[in-house]
Structure formats: C-alpha cells, structure tokens
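Chains as they are written, first to last, in this note's numbering: chain A, 1 to 162; chain B, 1 to 105.
Beneath this line is the structure, given in structure tokens, with notes to follow.
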Amino acid sequence: MILEQLAFAGLAVIAVVTAILALFVRELVHTILWIALFFVDISAIYFLLEAPFLGVLQLGVYAGAVTVLLLFGIMVTRKRIFSREAATGVGAVPVALALVTFIFLIATVGEFPQSAGTVHSYSPYDLSQNLFNVNGPWLLLLGLIMLGAVGGAIYLVREGRE
Amino acid sequence: MTDLPIVGFLGLSAALLAVGIFGILTRRNFILLLIAIEISMNAAILNFVYFAAFRGATSGLTGQSIAVVLIGFAATEVAVGLGIVLALNRLKGTINVAQATELKL
Numbered sequence: 001m002i003l004e005q006l007a008f009a010g011l012a013v014i015a016v017v018t019a020i021l022a023l024f025v026r027e028l029v030h031t032i033l034w035i036a037l038f039f040v041d042i043s044a045i046y047f048l049l050e051a052p053f054l055g056v057l058q059l060g061v062y063a064g065a066v067t068v069l070l071l072f073g074i075m076v077t078r079k080r081i082f083s084r085e086a087a088t089g090v091g092a093v094p095v096a097l098a099l100v101t102f103i104f105l106i107a108t109v110g111e112f113p114q115s116a117g118t119v120h121s122y123s124p125y126d127l128s129q130n131l132f133n134v135n136g137p138w139l140l141l142l143g144l145i146m147l148g149a150v151g152g153a154i155y156l157v158r159e160g161r162e
Numbered sequence: 001m002t003d004l005p006i007v008g009f010l011g012l013s014a015a016l017l018a019v020g021i022f023g024i025l026t027r028r029n030f031i032l033l034l035i036a037i038e039i040s041m042n043a044a045i046l047n048f049v050y051f052a053a054f055r056g057a058t059s060g061l062t063g064q065s066i067a068v069v070l071i072g073f074a075a076t077e078v079a080v081g082l083g084i085v086l087a088l089n090r091l092k093g094t095i096n097v098a099q100a101t102e103l104k105l
C-alpha cells in the first residue's frame, strides 16, 4: 500500500516539474522532450489507477502521435530547429490568476473525503462494452467531429492557398 | 485493489491546471500555447480517470469512456492547431500569436 502511495507521490512531482519545465525552457526541442516525459508520466499514473487501456492510449496518442506532430510543427516552421525562443516576461496577472485557480481548486478539494480510496479495476472488455454499446452514438459523433477537424486542417494547409 | 489518496490526485490535477492556465496566459509561441492547452486537458482527463477508479461498480466505466473520447478530442485539437501553425507561418513568416491580428477590430 505504502509503496503505491510513494509511487504516486513521485509520479505527481515528476508531472508538475516536467509540465513547468516544458513551458519554461527556451529551446522548443527541449520543450518537446519534457512534454513527452510528462505524457509518459501521466500514462504511468493511469496504470497506477488500474486503467491499462487508457495508459496504452495515452502512450500511443499523446507520447507518440502528439509529440511527433509537435516536433514536426517545429521542424517545418524554423530554419534552425535548435534556435532559442526570445524570453517572455512573467507578468503578475498570469501568476496571480494561476495561483487563484490553484487555491480555489485546493479549497474545493477539502470537501472530499480525506481518507484513501480503493481503486477499482475494469477489464478492457468491460470498457469496450460501455464505450461501444452504452455510449456508441457519442463515439460516432466523436468520429464525425474528428473527420471534420482533419478535413479543416487539410483545408488550412493545402497547396496554393493564400 | 490498491488504496490511494483521493485528495492527492485532485491536488495534482489542480496544480497541472494552474500550470496550464499560466502557460496559456504568458506564452506567445503558438506551439507552446498548444502544449499549455494539452497540459490543462490532461489535468481534466486525469480527473475523469480518478473518479472512475474510485467510484467502483459499473458506473465508473462511463468516466473511463469519457476519458477515451477526450484523448481523441485532444489529438484532433493538436492536428487542427498545427494546421493553423502552418497557415500562420506561411502568411506571416512567424508563429508568434501576438502578430496574428487580422481579426482584431
């Protein structure tokens, strides 16, 4: 039990640190490396929560596809991919807003039971039953939205458009 | 079956959301902006997975189903975002969002 709690504490610290580093390092390629580590870390949390299907999905979609897409975006928009970003100032308003959000959410978290909860595990079979039978129409809607979005993305970048 | 602190999980989500909001408000590079949005999305998806895990019985499955759908949405959002990055780069020669002012009055 204590081992799992320690594992979670370690993963939580890594998640927050990698998220902050991803936004603060000056070289965009390093940002991508930190965000890839962040996605792998979140995937490990899913495995800890006994949601292996989501963990694999997170690894495949986020740590794999999204990371490569972002890296590709950097590659095609820069002459030298290792060039540094200009330093952007950290304004007082964004810091204050982020802190207020955090404090408000932590205050809300106090309403929940403080004790440890038991993690329930579901088989991928149960999840697929729920996903395709109970929530089937929503999944179809997601497919249509994704199709529209990908069509829109292709329209944006197509050849000869000014 | 494992026992984990619910409050710790919610605290992690709150921290990630705060980092994401901070990134959205301060970064001017479109790709960094997309990354900040992804961090916020991950904080939201994590919440669905916690409550699914701690709720138990079959009702928790809906939370995991929503998480699957949200991961799909997030990937789509990055694809569209990168389409906008490429279009912006072609039109302006930069991906700094401060210079994309065509729609401003």
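Virtual Cβ for every residue (Gly too), placed ideally from N, Cα, C.
Would you please state the rounded distance, in angstroms, between the beta carbons of Ile-45 of chain B and Ala-67 of chain B? I believe it to be under 8 Å.
Sure, about 5 Å apart at Cβ, within 8 Å.
Within the continuous alpha helix (DSSP H) that includes Ile-95 of chain B, where are the two ends?
Here Ile-95 of chain B belongs to no alpha helix (DSSP H), and DSSP marks it neither H nor E.
N-terminal and C-terminal residue of the alpha helix (DSSP H) that Ala-51 of chain A is part of:
Per DSSP, Ala-51 of chain A belongs to no alpha helix (DSSP H) and is neither H nor E.
May I have the straight-line CA-CA distance separating Ile-95 of chain B from Leu-70 of chain A, to the nearest angstrom?
Between Ile-95 of chain B and Leu-70 of chain A, the C-alpha separation is close to 13 Å.
Which residues of chain A have a Cβ atom closer than 9 Å to the Cβ of Leu-103 of chain B, listed in chain order?
Residues of chain A passing the Cβ test: none, with the nearest at roughly 15 Å.
When you compare each of A:Gly-55, A:Tyr-122 and A:Val-95 to Arg-55 of chain B by their alpha carbons, which one comes out closest?
When each option's Cα is compared against that of Arg-55 of chain B, the closest is A:Tyr-122.
Comparing C-alpha positions only, which one of A:Ile-106, A:Val-93, A:Leu-139 and A:Arg-158 sits nearest to Leu-106 of chain B?
In this structure chain B extends from 1 to 105, so residue 106 of chain B is not present and cannot be described.
Using a C-beta to C-beta distance shorter than 8 Å, which residues of chain A count as neighbours of Ala-44 of chain B?
Against chain A, the beta carbon of Ala-44 of chain B has no neighbour under 8 Å; the closest one sits roughly 12 Å away.
What residues of chain B sit near Phe-47 of chain A, judged by a beta carbon separation below 8 Å?
In chain order: nothing, as chain B lies at least about 11 Å away.
Exposure label - Gln-99 of chain B; buried when at least 16 CB within 10 Å:
With fewer than 16 Cβ atoms within 10 Å of its Cβ, Gln-99 of chain B is classed as exposed.
Rounded straight-line distance, which links the Cα of Leu-103 of chain B to that of Lys-79 of chain A
For Lys-79 of chain A and Leu-103 of chain B, the distance between alpha carbons rounds to 28 Å.
Could you check what DSSP says for Glu-111 of chain A in three-state terms: helix, strand or coil?
Here Glu-111 of chain A sits in coil by DSSP.
Would you kindly report the start and end of the unbroken alpha helix (DSSP H) that includes Thr-18 of chain A?
Taken as a continuous stretch (DSSP letters only), the alpha helix (DSSP H) holding Thr-18 of chain A covers 2 to 24.
Please list the residues of the segment 87 to 99 of chain B that have a C-beta atom closer than 7 Å to any C-beta atom in chain A, keeping them in chain order.
Those would be Ala-87, Asn-89 and Ile-95, in chain order.
Should Phe-8 of chain A and Ile-42 of chain A be called a contact, given that it needs their Cβ atoms to be closer than 9 Å?
Taking 9 Å as the Cβ cut-off, Phe-8 of chain A and Ile-42 of chain A do not qualify as a contacting pair.
Going by Cα to Cα distance, which pick from B:Ser-65, B:Val-69 and B:Thr-101 is closest to Asn-130 of chain A?
B:Ser-65 is the residue among B:Ser-65, B:Val-69 and B:Thr-101 whose C-alpha sits nearest the C-alpha of Asn-130 of chain A.
Among residues of its own chain, excluding the 5 on either side of Leu-21 of chain A, which ones have a beta-carbon nearer than 7 Å to its beta-carbon?
Cβ within range, chain order: Trp-34.
According to the neighbour-count rule (16 or more other Cβ atoms, all chains shown, within 10 Å of its Cβ), is Val-66 of chain A buried or exposed?
It counts as buried.
Any heavy atom of the ligand GDP inside 8 Å of the beta-carbon of Leu-4 of chain B?
In the structure shown, the ligand GDP is absent, as is every other ligand, since no ligand is present at all.
Please report the residue range of the alpha helix (DSSP H) in which Phe-132 of chain A lies.
Unbroken run through Phe-132 of chain A: none, as it is neither H nor E.
Given that Val-16 of chain A touches chain B, what residues does it touch there, using C-beta distances under 9 Å?
Within 9 Å of the CB of Val-16 of chain A, the CB atoms of chain B belong to Leu-12, Ala-15, Leu-16 and Val-19, in sequence order along the chain.
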